[in-house]
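Undergrad: Each residue of the sequence shown is one higher than the one before, counting from 14 in our numbering.
The C-beta atom is built at its ideal place from N, Cα and C for all residues, glycine as well.
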Amino acid sequence: MNTILKSGILFLSIFLFSNFSAQTKTFKARVEGNCGMCKERIETAAKADKNVKSADWSMSKKVLTVSYDASKTDKKAILKNVASVGHDNEMFRASDKVYNDLDACCQYDRPDNSKKLAKNADKKQVCELK
Ligand SMILES: [Cu+2]
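Here is the structure:
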């Protein structure tokens with residue numbers, strides 16, 4: 014009886030552990046930015062989502078690496094938060110107002126795909142790139 018109980022608990026903990034660890038996913042995404050202030054702003058915006066476990070932006074590569082709980086959030090939601098603080102990325106373009114309010118050193122060269130999108134875009138919105 015005791016052995017059955019023990020193996021039951023063991024099985025349950027393995028099941029729960031594998032279930033939790035399976036939900037953690039990682040993505041890498043192109044995010045525009047320039048300096049250390051950008052790095053801080055980008056990582057803080059990504060981590061504003063409580064389901065983000067870690068966020069690291071490479072200043073030299075302009076690549077954001079995020080580990081997150083895939084059962085509760087997704088890449089799209091996280092990158093939208095990053096665009097909302099002024100950083101264009103592979104899925105969203107920041108609003109011109111937020112971009113213009115960035116410190117001069119943070120005003121990176123906006124990518125061409127964003128310029129194309131801007132023609133039809135509502136300037137107040139964070140726009141999804143197609
Ligand atoms: Cu900056």
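Taking the alpha carbon of C119 as the point to measure from, which residue in C48, T37, A58 and G21 has its own alpha carbon closest?
TA: When each option's Cα is compared against that of C119, the closest is C48.
Undergrad: Since A96 and V65 are thought to touch, with beta carbons under 8 angstroms apart, how far apart are those beta carbons, to the nearest angstrom?
TA: Going by Cβ atoms, the distance from A96 to V65 rounds to 15 angstroms, so no, they are not a contact pair.
Undergrad: By the three-class DSSP mapping on this structure, what secondary structure does N102 have?
TA: Looking at N102 - three-state DSSP - the assignment turns out to be strand.
Undergrad: Report the rounded CA-to-CA distance for D62 versus K110, giving the unit in angstroms.
TA: The alpha-carbon atoms of D62 and K110 are separated by roughly 23 angstroms.
Undergrad: How would the residue list near ligand 1 read, in chain order, if you kept each one whose beta-carbon is closer than 5 angstroms to any heavy atom?
TA: This selection yields N47, C48, M50, C51 and C119.
Undergrad: Give me, in chain order, the residues of the same chain whose beta-carbon lies closer than 6 angstroms to that of R54; leave out the 5 immediate sequence neighbours on both sides.
TA: The residues are V98.
Undergrad: State the start and end residues of the unbroken alpha helix (DSSP H) segment that holds K63.
TA: Per DSSP, K63 belongs to no alpha helix (DSSP H) and is neither H nor E.
Undergrad: For T39 versus T78, is the C-beta spacing smaller than 8 angstroms?
TA: In contact: T39 and T78 (Cβ atoms closer than 8 angstroms).
Undergrad: Quick check on DSSP: helix, strand or coil for Y121?
TA: DSSP places Y121 in coil when its eight states are reduced to three.
Undergrad: Taking 8 angstroms as the CB-CB limit, is V44 close to chain C?
TA: Absent from the structure is chain C; it holds one protein chain and no more.
Undergrad: Quick test of your reading: N113 and E45, contact by CB under 8 angstroms. State the CB separation rounded to the nearest angstrom.
TA: Actually they are not in contact, since the Cβ atoms of N113 and E45 sit about 14 angstroms apart, beyond 8 angstroms.
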